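Using mature numbering (1 follows the signal peptide of the UniProt record, and there is no 0), the letters of the sequence shown map in sequence onto residues -26 to -1, 1 to 179. Cβ coordinates follow ideal geometry from the N, Cα and C atoms, glycine included. These numbers were taken from a predicted model, which means no experiment stands behind them. Below is one structure, written out as structure tokens; the observations come after it.
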Amino acid sequence: MLRQTATAVRCAALLGLLVYCSSSLALDRNALFDEANLLLLPRERQLPNLEFVDEHGQAVTTDSLRGRWHLLFFGFTACPDICPTTLSDMRRLFGQLPSSVSDQIQLILVSADPARDTPETLRTYLGYYRAGFKGWTGDIAQLQKLSKALGLPFVPVDKTEGEYSVSHSGNLAIVSPDGKLRGHIRSPLRLDGLRHALPQLIEAE
């Protein structure tokens, strides 16, 4: 009887230790994500089936997001501030990440200005920043549906006024390899935090 009691006590202690360690790791990871301005959703969200064209003029769909991690943000090639800053920061971040991590992540600039952002324009623009960065453009209605699904709003403007800008979010959406929305990286980007948080996210999933 005493032996059974001692065994039960040891098992309870071991279970308590495991729970404590798991809780500590979760707290550490949450703190790491907070430092990186990275917010995960309580539950992944399914994305609607939508069609676009990439920077090479090839047809792509939201189903194309399956198979690897993706970071998507809305912008436009004539953007004077948010887009150049975001792309420069992401180029720097990708250069700092281990290749075992960066090779698993694809960055996509989704155009909020399809009237001007042709595939060729996107390809030339993205080429200034990093080989491998991709761009999507297409029908404005499809782009707005994706914007809503990802929680990255942009405001179309009256293009009859000549020169114009587009109001858009500076956040990035995180899409997991199963093609579902996993969370967001909020602006402003914290590169030091992301350099540590993204490997943790990818390795833990």
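Taking a contact as a CB-CB distance under 8 Å, the pair residue 109 and residue 97 counts as one, their CB atoms being some 7 Å apart.
Looking at 59, 24 and 107, the one whose alpha-carbon comes closest to that of residue 144 is 59. The Cβ-Cβ distance between residue 100 and residue 29 falls below 8 Å. In this structure, the CA atom of residue 40 is about 24 Å from the CA atom of residue 170.
Rounded to whole angstroms, the gap between the alpha carbons of residue 172 and residue 75 is 8 Å. Judged by DSSP secondary structure, residue 111 falls within the beta strand (DSSP E) whose first and last residues are 108 to 111. Remark: three or more beta-carbon pairs, one from each stretch, lie closer than 8 Å, so the stretch 160 to 168 and the stretch 51 to 67 are flagged as touching. Your pair residue 61 and residue 85 does not check out as a contact, with CB atoms roughly 13 Å apart and the cut at 8 Å. Taking 8 Å as the cut-off, the Cβ atoms of residue 124 and residue 147 count as close.
A buried status is given to residue 150, since no fewer than 16 other beta-carbon atoms sit within 10 Å of its beta-carbon. In this structure, residue 83 lies away from residue 112, with their beta-carbon atoms at least 8 Å apart. Counted as a single uninterrupted DSSP element, the stretch harbouring residue 68 is not any beta strand (DSSP E) but the alpha helix (DSSP H) occupying residues 56 to 70.
When C-alpha distances from residue 79 are compared across 13, 11 and 107, the shortest belongs to 107. Bridge pairing for residue 116: absent [DSSP].
Residue 34 is positioned such that its CB atom lies no closer than 8 Å to that of residue 87.
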